[in-house]
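With UniProt numbering applied, the sequence shown has no gaps in its numbers, which climb one by one up to 490 at the end.
Presented below is the structure to which this report refers.
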Amino acid sequence: MSASAEVQEKPVKSMIPARMHDMPWSRFHWMVIFGLGTAWILDGLEIQIVAAGGFEKTLHMSSADVGLAGTVYLAGEVVGALLFGRLTDTLGRKKMFTLTLVVYLVGAALAGLAPNMWVFLLFRFISGMGIGGEYSAVNSAIDELIPGKHRGRVDLAINGTYWAGAALGAVASSILLDTDRFGQDIGWRIAFFIGPILGLGIIYLRRHIPESPRWMVTHGHADEAEEIVEGIEQQVRDSGNKLPDHPDSDAKWIKAGSGLTPKQLVYVFFKLYPTRTVLGATLMITQSFLYNAIFFTYALVLKNFYDLSSSTAALYFFPFAVGNLLGPLLLGPLFDTVGRRKMIGGCYAISGIVLGISAFFFMADSLNPYTHTAFWCVSFFFASAGASAGYLTVSEIFPQEVRGQAISYFFAIAQCFGALGPVLYGALIGDGTDRTPMFWGYLGATAVMLLGALTAAVWGVDAEGKSLEEIAPPLTEHDEEGNQITHLPV
1 MSASAEVQEK PVKSMIPARM HDMPWSRFHW MVIFGLGTAW ILDGLEIQIV AAGGFEKTLH
61 MSSADVGLAG TVYLAGEVVG ALLFGRLTDT LGRKKMFTLT LVVYLVGAAL AGLAPNMWVF
121 LLFRFISGMG IGGEYSAVNS AIDELIPGKH RGRVDLAING TYWAGAALGA VASSILLDTD
181 RFGQDIGWRI AFFIGPILGL GIIYLRRHIP ESPRWMVTHG HADEAEEIVE GIEQQVRDSG
241 NKLPDHPDSD AKWIKAGSGL TPKQLVYVFF KLYPTRTVLG ATLMITQSFL YNAIFFTYAL
301 VLKNFYDLSS STAALYFFPF AVGNLLGPLL LGPLFDTVGR RKMIGGCYAI SGIVLGISAF
361 FFMADSLNPY THTAFWCVSF FFASAGASAG YLTVSEIFPQ EVRGQAISYF FAIAQCFGAL
421 GPVLYGALIG DGTDRTPMFW GYLGATAVML LGALTAAVWG VDAEGKSLEE IAPPLTEHDE
481 EGNQITHLPV
């Protein structure tokens, strides 16, 4: 970096946040979507491939060991989110969304070559770390690079692609795990290389995605940030679009700062933005609990209560995945027009109510596999949009300097609570002879989602159309006299 990377003694006047917020759409933004927005496809692919199994006989793993593999991957995601979330804020978005993808590629590929269970579990943990880090680095970069009026729909669509990956994993597994086509020790290993092969293409695209200019300004790289923004603006001019004019009042006075201390982080989350912390935690925990509880046990419900075989039950995954994918894609634009608070609250509430209605039909034994799946599809059409909006919320309602860490903290907390869902609902399902426990389980999930809806309605932030700096001013922002606007404890 140039001399501008040195710690600045005086604040720098920058129009970059305003210019990035109002930037007309260009091919640069499509590059961001395809380069960064494919990360969740890998996560969905990974989870579905492991869920399909096939490796347990080769690696001499029991059913409990297979469950442990899922837990190890989840633990890796939590550790990766916390580790790389901090580094995302201190070292930059680009370095981390490159590093985390490499970590995932190495872990996933080597898991496919594992000679025994313990080596397999080690590399499942490593690939989980990579995906966990992706959530912080990629969501931060997307929100800071995408124009404000498109931020909601783009973020929802990208997070919703998890289900495209899950569907791809299901199709691939059905082919590769067919022992008539591939040997028992070969098919599952090939499946584990699908993600790394896709990841190599993603790395190629990411080479052309720059560091977030917003992050650069707050870390003493104002000159380099200006070069990046001018390059994007030139693409806009080349496409025939006109750049908006910005009054001098849109400028921010930014003084480069270093990372925050633990005491300062506590101050930001619990003193400066306490209700936003409650909002973010509630949205993330409730959606994670619902998804893990229903998604990881839906096959058990179909098998134990409707007497379907494992192979037949697997077919019902596809309409479930399609509903989850279409929700963010179709409802996403409304989060930028109708608004965040109304749409998040509405999606959480409708999802919970539909699930609650299905509980009464289920208890009355009035459902069959098709109608029960139809209820799931409708409920998760809305739940998927709401869940994706949870990631959008925690990434845009906190200041620039803690954005990556905010995502990582809430993601980690949500995953820990979400891990309780499959265990609890698996016990409620039992052997399928008594519907009462699962009836109360569905009503409990309804209550959880209604809690999320209520929290969004009361403490939701109307962030639609606003710049990130308007939603949460940078902690490094100063006035013209050089006085820091937000005073953090020492």
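For each residue, glycine too, the CB sits at the ideal point set by N, CA and C.
Nothing here was measured: the structure is a model prediction, and the numbers come from that model.
Residue burial classification, residue i (beta-carbon count within 10 angstroms, cutoff 16)
i	result
Leu475	buried
Asp43	buried
Glu481	exposed
Leu177	buried
Lys13	exposed
Asp143	buried
residue 570	Nothing about residue 570 can be read from this structure; the chain reaches only from 1 to 490.
Asp155	buried
His478	buried
His221	buried
Leu487	Before going further, note that residue 487 is His rather than Leu in the sequence given. Its Cβ having fewer than 16 others within 10 Å, His487 is exposed.
Trp440	exposed
Val102	exposed
His29	buried
Phe320	buried
Pro11	buried
Asn139	buried
Cβ-based neighbour list, residue i, same chain, cut-off 6 Å, excluding 5 preceding and 5 following
i	result
Ala157	Pro328, Leu329, Gly332
Tyr162	Trp40, Asp43, Gly44
Gln48	Ala166, Gly169, Ala170
Ala457	Gly345
Thr38	Ile202
Gln484	His478
Asn324	Trp163, Phe380, Ser384
Glu56	Val66
Thr446	Gly352, Leu355, Gly356
Among the options, the one whose alpha carbon lies nearest that of residue i
i	options	result
Asp336	Asp143, Thr88, Gly148, Cys347	Gly148
Leu91	Leu122, Ala141, Leu59	Ala141
Leu420	Ile228, Trp440, Phe289, Tyr267	Phe289
Phe317	Leu334, Gly356, Thr373, Val402	Thr373
Val79	Gly441, Gln415, Ile429, Ser467	Gln415
Val322	Leu308, Phe381, Glu56, Phe360	Phe381
Asp250	Ser384, Ala18, Ala456	Ala18
Val72	His29, Val119, Tyr370	Val119
Gly339	Arg181, Val461, Gly76, Lys252	Val461
Asn304	Thr275, Thr433, Leu260	Thr433
Pro244	Ala389, Leu392, Gln484, Met15	Met15
Thr371	Ile357, Asp180, Phe55	Ile357
Gln286	Ala387, Glu464, Thr179, Leu443	According to the sequence shown, residue 286 is Thr rather than Gln. Per the Cα distances, Ala387.
Ser62	Glu46, Leu110, Arg27, Asn116	Asn116
Lys242	Glu469, Arg189, Asp22	Asp22
Ile126	Cys347, Gly76, Phe182	Gly76
Ala364	Thr312, Ser309, Thr436	Thr436
Own chain residues within Cβ distance below 8 Å of residue i, not counting five before or after
i	result
Met31	Leu205, His208, Ile209
Met96	Phe84, Leu87, Thr88, Gly133, Ser136, Ala137, Gly404
Ala121	It is Leu, not Ala, that sits at residue 121 in the sequence shown. If we look at Leu121 and ignore the five residues flanking it on each side, its Cβ neighbours are Leu68, Ala69, Val72.
Pro422	Asn292, Ala293, Phe296, Thr297
Spatial neighbours of residue i in its chain, beta-carbon cut-off 7 Å, leaving aside the 5 residues before and after
i	result
Val394	Gly280, Met284, Ala406, Ile407, Phe410
Asp185	Thr58
Phe270	Thr277
Ala81	Gly132, Gly133, Tyr135, Ser136, Ser408, Phe411, Ala412
Ala472	Ile397, Phe398, Pro399
Thr218	Ile254, Ala256, Gly257, Gln400, Glu401, Pro474, Thr476
Leu392	Gly152, Asp155, Leu156
Extent of the continuous beta strand (DSSP E) run through residue i
i	result
Ile254	252-254
Lys13	12-14
Residue i - containing alpha helix (DSSP H), residue span
i	result
Tyr267	262-267
Ile197	194-206
Ala157	151-160
Ala453	436-459
Trp118	117-145
Phe398	Careful: Phe398 lies outside any alpha helix (DSSP H) and carries neither H nor E.
Met216	213-218
residue 546	This structure cannot speak to residue 546, because the chain is shown only from 1 to 490.
Trp30	27-36
Asn483	Here Asn483 belongs to no alpha helix (DSSP H), and DSSP marks it neither H nor E.
Phe361	340-363
Ile209	Where Ile209 is concerned, there is no enclosing alpha helix (DSSP H), given that its DSSP letter is neither H nor E.
Arg93	93-111
Ser366	No alpha helix (DSSP H) holds Ser366; DSSP gives it neither H nor E.
Glu470	468-471
Pro333	317-337
Thr58	Note, Thr58: premise wrong, no alpha helix (DSSP H); not H, not E.
Glu230	222-238
Val278	274-295
Any C-beta of chain B under 7 Å from that of residue i
i	result
Thr38	Considering every chain present, this structure includes no chain B. It has just one protein chain.
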